Amino acid sequence: MSHRVLTGITTTGTLHLGNYVGAIRPAIAASRASGVESFFFMADFHALIKCDDPDRLAHSSRSIAATWIAAGLDTDRVTLYRQSDIPEIPELTWLLTCVTAKGQMNRAHAYKAAVDAATAAGEEPDAHVSMGLFSYPVLMAADILMFNAHKVPVGKDQVQHIEMARDVAQRFNHLFGRGQELFVLPEAVVDAEMELLPGLDGRKMSKSYDNVIPLFEGGAQALKDAIARVVTDSKLPGEPKDPEGQTLVTLYDAFATPEQRAAFRAALRAGLGWGEAKQQLVALIDGQIGPMRARYAELMAHPEQLEAILQAGAVKARAIAVPFLKTLREACGLRPYTATASTAAAKAEKVAQPVFKQYREADGKFYFKLLSADGTLLLQSHAFEQGRDAGQWVARLKREGWVADAPVQREASEADVAAALAAFQEA
Numbered sequence: 002m003s004h005r006v007l008t009g010i011t012t013t014g015t016l017h018l019g020n021y022v023g024a025i026r027p028a029i030a031a032s033r034a035s036g037v038e039s040f041f042f043m044a045d046f047h048a049l050i051k052c053d054d055p056d057r058l059a060h061s062s063r064s065i066a067a068t069w070i071a072a073g074l075d076t077d078r079v080t081l082y083r084q085s086d087i088p089e090i091p092e093l094t095w096l097l098t099c100v101t102a103k104g105q106m107n108r109a110h111a112y113k114a115a116v117d118a119a120t121a122a123g124e125e126p127d128a129h130v131s132m133g134l135f136s137y138p139v140l141m142a143a144d145i146l147m148f149n150a151h152k153v154p155v156g157k158d159q160v161q162h163i164e165m166a167r168d169v170a171q172r173f174n175h176l177f178g179r180g181q182e183l184f185v186l187p188e189a190v191v192d193a194e195m196e197l198l199p200g201l202d203g204r205k206m207s208k209s210y211d212n213v214i215p216l217f218e219g220g221a222q223a224l225k226d227a228i229a230r231v232v233t234d235s236k237l238p239g240e241p242k243d244p245e246g247q248t249l250v251t252l253y254d255a256f257a258t259p260e261q262r263a264a265f266r267a268a269l270r271a272g273l274g275w276g277e278a279k280q281q282l283v284a285l286i287d288g289q290i291g292p293m294r295a296r297y298a299e300l301m302a303h304p305e306q307l308e309a310i311l312q313a314g315a316v317k318a319r320a321i322a323v324p325f326l327k328t329l330r331e332a333c334g335l336r337p338y339t340a341t342a343s344t345a346a347a348k349a350e351k352v353a354q355p356v357f358k359q360y361r362e363a364d365g366k367f368y369f370k371l372l373s374a375d376g377t378l379l380l381q382s383h384a385f386e387q388g389r390d391a392g393q394w395v396a397r398l399k400r401e402g403w404v405a406d407a408p409v410q411r412e413a414s415e416a417d418v419a420a421a422l423a424a425f426q427e428a
């Protein structure tokens, strides 16, 4: 049985080599596993929470979508879509908002961090809190629950949001499921072994440290220029070098085979100069991402190709979302009046069935009778000394239909009695 894995892709900023090694490459590899149904979405609604520059948001979204596709994401195998192309997601967000406690949202890490920062600056606690920021976990829950994802790969800082999604799903199931589990309870997947690539200065590669190596932006020259700035020790060419703990070696390891890693270390110990070592690193990385960069450039130059891919993904996603949201709407009571009338009629029809009635007369004996849907007497039992005996005969007639030696007197035609008893068996 396949299980669903859902990955949200942030649509702000530009991606660097660390993003590729730590997130993009392993996610694409995981999506190729058998028995996995993968969903990847461009989280552009989420981007509105922290980006108020429309042009920047639009360009970043396009660039990041092109990056994932160029890096090898198979859009025929996975479902890749833009969050804002699925109108069922914001509608589901509202349904979930109506069953989510404000107290739960008060405990969200992002909200608490914003309040703490404002308080520390001597401002009102909610001075910089929009409803988008405050309700962010509900939108994230809708992203996940819309497709009933079983697994959601996240960083440690997002685990709380998956737990909130589970809580909201359980609450909705309890209120509206009527015994049916409408939502799967998702599980967070935190990769403890996720590879964190060091930046130019040896610290974690991050834009906030200004130490990143660009993935595609700036082309091969930008890659070469960045690697030229990687910090190394001061040993000269010809001097033996210890490869352990060197940023350059860690970067090399992220793209090399075991054999290449061993040869690179041996060359450094034999006196390979850092300049030559950097050239080898550039060649290794460019050999792998160069073809991807060409595909990226093609997609960026022809946005209609990218748009067609995203729209095709939206069609696949909505083929799931539209009927599921219809089920959720009906579960909440948001139904067409005709459906409500039909449901009421169906209930009335269900009630209007033949019925057995057991009772005790003034003589102290027990009896039962069978009435048709309109109240016509069909069968009248003989007297029983014990109520359980009458009950056993009722159960047998319901289970088996007409029994020739039943202690009853038929008060209607054989056909009417047979039809009434058949109704119990059908039920």
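The working numbering puts the sequence shown at residues 2 to 428. Glycine included, C-beta positions come from ideal geometry on N, C-alpha and C. All figures in this text were calculated on a predicted structure; none of them were measured in a lab.
Pick from Ala423, Asp417, Ser414: whose alpha carbon is nearest that of Lys399?
-> Ala423
Could you give the residue range of the beta strand (DSSP E) that holds Thr8?
-> DSSP places Thr8 in the uninterrupted beta strand (DSSP E) bounded by 4–11.
Rounded to a whole number of angstroms, what is the C-alpha to C-alpha distance between Glu277 and Ala268?
-> 10 Å
Look up Glu188 in the DSSP assignment and say whether it is helix, strand or coil.
-> strand
Selected residue, minimal CA-CA separation from Trp95, among Pro138, Asp86, Pro238 | Ranking the options by Cα distance to Trp95, first place goes to Pro138.
What are the partner residues of Pro215, as DSSP defines its beta bridges?
-> His17
Who are the near neighbours of Glu92 in its chain, counting only those whose CB is closer than 7 Å to its CB and skipping five residues on each side?
-> Leu326
Using the Cα positions of Asp254 and Phe42, report the straight-line distance between them to the nearest angstrom.
-> Asp254 and Phe42: Cα-Cα distance of roughly 30 Å.
Of the choices Glu415, His110, Ile90, Pro215, whose alpha-carbon is the least far from that of Leu379?
-> Glu415
Drop a sphere of 10 angstroms on the beta-carbon of Gly19, count the other beta-carbons inside from all chains shown, and report buried for 16 or more, exposed for fewer.
-> buried
So which of Gln306, Ser64, Ser85, Asn149 has the shortest CA-CA distance to His17?
-> Ser64
Taking the alpha carbon of Lys51 as the point to measure from, which residue in Arg389, Thr13, Val37 has its own alpha carbon closest?
-> Thr13
For Arg397, count neighbouring C-beta atoms within 10 Å of its own C-beta (all shown protein chains included) and say buried if the count is 16 or more, exposed if not.
-> Answer is exposed; the Cβ neighbour count stays below 16.
Backbone CA spacing between His47 and Leu273 [nearest angstrom] | So the alpha carbons of these two residues sit roughly 48 Å apart.
How about the region 71–88 and the region 221–238: do they share at least three Cβ pairs that are nearer than 8 Å?
-> no
Provide the residue(s) that pair with Glu38 in DSSP beta bridges, ordered along the chain.
-> Arg5
By DSSP, does Ala416 sit in helix, in strand, or in coil?
-> helix
Alpha carbon to alpha carbon, how far is Leu282 from Arg172? Give it in angstroms, no decimals.
-> CA-to-CA, the gap between Arg172 and Leu282 works out to about 53 Å.
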